[in-house]
Each structure stands twice: as C-alpha cells, then as structure tokens.
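Worksheet for the structure shown next.
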Amino acid sequence: MAVSLKSVMSFGATALVGVLVGYLGQFEAALDADKAENHTRMLDIQKVPELTWGSHSPVPNVRFTYENTQTNQRIDTIAGTDVYLYNYSDRDAPEVQILITATNADGTLPVYVGARMLDGGVEDFELEQTMKPVAHGQALAFSFKVPSVNRREGGAGRQFELYFAGKAAPQLAVSATAPGFDSRPWDPAHFSESQVAKLPWLQRYSSRVSFMALVIGALAALVFQAVFLRNREKRRMLALTEVVDKSLRQSASTNSLADDERRALASDVALNCWRSLYDSMLRLEQWFSSKPERVS
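When you line the sequence shown up against numbering that gives the first Met the number 0, it's residues 0 to 295, in that order.
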C-alpha cells in the first residue's frame, strides 16, 4: 500500500506541475494578446546633430558664402539636426501629428533656414513646402502632419532634417502622436524588445516558465519529504517497537509485565532511539528530517 500511495502522490505532483505551468502559460498568452490589442503603441524619436557648415574652404583664397533665398540675407554658418522617427510596433501609425519646438540656449530666437523631409530615404517635396515655423516668444514651433509612419524592421520610417543659421543648432523638443500611438526617446533596446514580442510565448517566457516549474517542483519535493519521509520513519520506529516488544516478552525480568505496559516500554525505547539519532544530526539535516514522535 505504501508503494501504491507513493506512486499516486508522485503522479499527482507531476500532474500538478504540468497543470500549473500550462495554466500560467495560457494566462501569459492571454495577457499578451490583450496587451497587443489594447495598449498604446510607441513611436521612437531620435535626434542627431549634423556638422556645421561655415565659410572655410579647402581651396586657397576661396570662401564659401550662403544666402537665405527666402529673405535674401547672408548666412555665415549653418547648423542642422536630423530627427528620425521609428515605428517598431506591430502596425502602421496613421496620420501622425508632429510638433517640433526649437529654442536657443542663449535665449535668442532661432533663425530657420530650411528643411528636408524623407520617407524611407525618398524625399517628400510636398511636405517640405508645408514647413512654416511659427514664433512663440523666443521659440520656433513647427506643427505638421505626415500621412503615416509605417512599421519597419530596420531604418527610420520618417526623417526630418532641419537647418538653422548659426554655429550651433538650437535645442529641439519633438513629439509625435496618432490614434493609438504616442512617442518616446529612441533607445536601441526598443528594437530588440519588438523582436522578442514577435516570438511565441513559450520562447519568450521559457526562463520564467522554467523557474516556475522549478519552484513548483521544489514545493512538491517538500510535500513529498513531509509526507513520505515521515511515514517511513514512523514505519521504522514501529518495526523497532515490535523488535523491542518481542525481546521484552522473552526476557525473564520483564515477561511478567502486562501487555500494555510492555508495549509502552518498547515504544519509549524506540522514541529514545529516534531522538538520539535526530539530536546527532546537523541543523541542516534536521530541517530535512522528521521530528521524533511516539509510535505504538
């Protein structure tokens, strides 16, 4: 019967681990599906300063000069900043509203020269014509819409190259919003996260599922230790009690004792033996052993 009970308990523990791991896996998959459908997706914004163009020329006795064709004013130096818009999500972003605010560190109003707009490396001349900054105090604001920012495995979906007069480009604050989309500063880890999100849930959470299985297995092992090892010790002490009881019946000095008295004496001897063995163990061994108790 003991072997049968042990087999049943082992099977039950294994089945419990399987059921819990399967349930947790399905739960994670359901959460992922809900998150993928309802969460706000992100557009990544990266700002990269360009080199400054000045009057210096590699040709001796030659100087470059620049002129703003819109104002016919001469420009000594030009500084620019490239703004990249990445869409690492699982769908295209429709009609994205872009807001760019340019401010100079010294508090002066930036002088806008021009811009180049690219979509996947192809210049968007129509969008360039709509770039009309509006001054707000000491800041220039650009507000415009792009038809879409398509999701891409690599490369920027949109690129804005803004140029200003001066030795240093102004500071740019950039935001991009669309229905179901918001923006955040670009980080290379975001692309890796987008790739991981496309993997099957078992691959994504294999380490987590393995850890949960390990924890559940350890708990099952503790239950096994608590139930089976204790029963084993009790069976051993009961067998020892039977041996001592038999010896007492055969002893001339104790064969006159009543059955219950002789049985109690045999149980005391078995308990003392168990306690002696338990007390001789290290503390760590005692944690994984059963505490002595009287058996009869």
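Where a beta carbon is used, it is the ideal one built from N, C-alpha and C, also for glycine.
The structure displayed is predicted, hence computed values, not measured ones.
The beta-carbon separation of serine 266 and arginine 293, rounded to 6 Å, stays under the 8 Å limit for a contact.
Collapsing the DSSP output to three states places glutamate 122 in a strand. Taking proline 184 as the centre and dropping the five residues before and after it, the same chain places the C-beta of Ile44 closer than 7 Å to its C-beta, in chain order. According to DSSP, arginine 248 shares a beta bridge with no other residue. Threonine 76 places its beta carbon less than 7 Å from that of lysine 166. Per DSSP, reduced to three states, the secondary structure at tyrosine 277 is helical.
If you draw a straight line from the Cα of alanine 140 to the Cα of glycine 113, it comes to about 14 Å. Among the bridge pairs identified by DSSP, threonine 253 is matched with none. Per DSSP, asparagine 271 has no beta bridge partner at all.
Counting of Cβ neighbours within 10 angstroms places serine 88 among the buried residues, the total reaching 16 or more. Taken through DSSP and simplified to helix, strand or coil, aspartate 181 comes out as strand. Of all C-beta pairs linking the stretch 101-108 to the stretch 58-68, fewer than three are shorter than 8 Å, placing the two stretches out of contact. Here lysine 46 carries a strand assignment [DSSP, helix/strand/coil]. Within the stretch 35-100, complete beta strand (DSSP E) segments of at least 3 residues are found at 40-48, 65-67, 72-74, 77-85, given in chain order.
Within the same chain, and ignoring the five residues on either side of valine 173 in sequence, the residues whose Cβ sits closer than 6 Å to its Cβ are Ile44, Val82, Ile99.
Counting along the chain, no alpha helix (DSSP H) covers glutamine 170; the unbroken beta strand (DSSP E) around it starts and ends at 170-176. Of all alpha-carbon atoms in Leu171, Thr253, Pro178, Ser246, the one lying nearest the alpha-carbon of proline 48 is that of Leu171. In the three-state reduction of the DSSP assignment, glycine 113 falls in the strand class, which pools E and B. Scanning its chain for C-beta atoms nearer than 6 Å, with the 5 sequence neighbours on each side dropped, one finds around tyrosine 277 the residues Pro291, in chain order.
Straight across, the Cα-Cα distance linking alanine 78 with glutamate 160 is about 10 Å. Cβ-Cβ distances below 6 Å link proline 109 to Ala101, Asn103, Leu139, Phe163, Pro169 in the same chain, with the five nearest sequence neighbours on each side left out; the list follows chain order. Under a 10 Å Cβ-count criterion, glutamate 94 is classified as exposed, with fewer than 16 other Cβ atoms of the shown protein chains found around its own Cβ. Rounded to whole angstroms, leucine 237 and cysteine 272 show a C-alpha spacing of 12 Å. Note that the C-beta distance between aspartate 118 and arginine 157 is below 7 Å. Within a 10 Å sphere around the beta-carbon of alanine 175 sit 16 or more other beta-carbons, which makes this residue buried. Glutamate 160: member of the beta strand (DSSP E) spanning 157-164, first to last residue. Between alanine 269 and leucine 247, the C-beta gap is not smaller than 7 Å, which leaves the two residues out of contact.
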